[in-house]
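Following: one structure in structure tokens, then a few remarks.
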């Protein structure tokens, strides 16, 4: 998994695109007589704030049924749930409205906004290519809760959602009910929950205490999966297609809307709630 420090690479690319937009607006403004370049940079930042808010609200509206069931998930920005095209439209509309009386600002601010959007789109394409070259599903030797040996390759041939977790990890504990529910809505997908560094007793006691019924819980006492998949922390969720190619990843707690969204986009799967959207 690619990232810089604690930040996923997707977040880093957004920050870089915003910085580029701000710099572009100021540079273009400096070269235009009468254009207040400092105001141009400030307007870019204001537009980004409104764009992010609109993109988040649009995503919440799209997945309202799921968010209304767990309202606190609406402020869980770590799930990276945004409807980006809505955000871009709001950014352009905001800039157009704010500059209708100050035409000197319009060109540098729009130039900055377009530069940032182009940089973000190009970065997204590069990330998709890098994701496509990610290591395939590894043939790890793990164990069941009954401590019988099992190979991860036994799940090959159908889409796999691989979750790395531990019972001492608070976000891991919070997201477990999400996987429990979604596994019943996507029966053609294998949800493989690989416990990291704990014994069968520790894992089973946690599942029993929470009343969780997860179909495929495996043990990885030496945390080999984290090392093999270059995970930078727990929880980590990896998505593999039926050919064993990694098609997506998520570091940190995943919410119901974000998980279902990835399922529908990456696997073209359908669920009872997903087909209603």
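Residue numbers (the working numbering): 57 to 333. Built from N, CA and C at the ideal position, the CB exists for glycine as well.
Judged by DSSP in its simplified three-state form, residue 135 adopts helix.
DSSP places residue 216 outside any alpha helix (DSSP H); the residue lies instead in the beta strand (DSSP E), whose first and last residues are 216-221. Spanning the alpha carbons of residue 78 and residue 263 requires a straight line of approximately 49 Å.
DSSP lists 200, 250 as the beta-bridge partner residues of residue 274. Here the segment 170-188 does not lie against the segment 249-258, with fewer than 3 beta-carbon pairs under 8 Å apart. Cα atoms of residue 270 and residue 232: separation of roughly 9 Å, rounded to the nearest angstrom.
Remark: C-beta atoms of residue 81 and residue 160 do not approach each other more closely than 8 Å. For residue 299, there is no enclosing alpha helix (DSSP H), as DSSP gives it neither H nor E.
Sorting 163, 88, 175 by C-alpha distance to the C-alpha of residue 73 places 175 at the top. Under the three-pair Cβ rule at 8 Å, the segment 229-245 does not count as touching the segment 194-203.
In this structure, residue 172 lies away from residue 274, with their beta-carbon atoms at least 8 Å apart. Ranked by Cα distance from residue 122, the options 145, 238, 288 are led by 238. For residue 310, there is no enclosing alpha helix (DSSP H), as DSSP marks it with neither H nor E.
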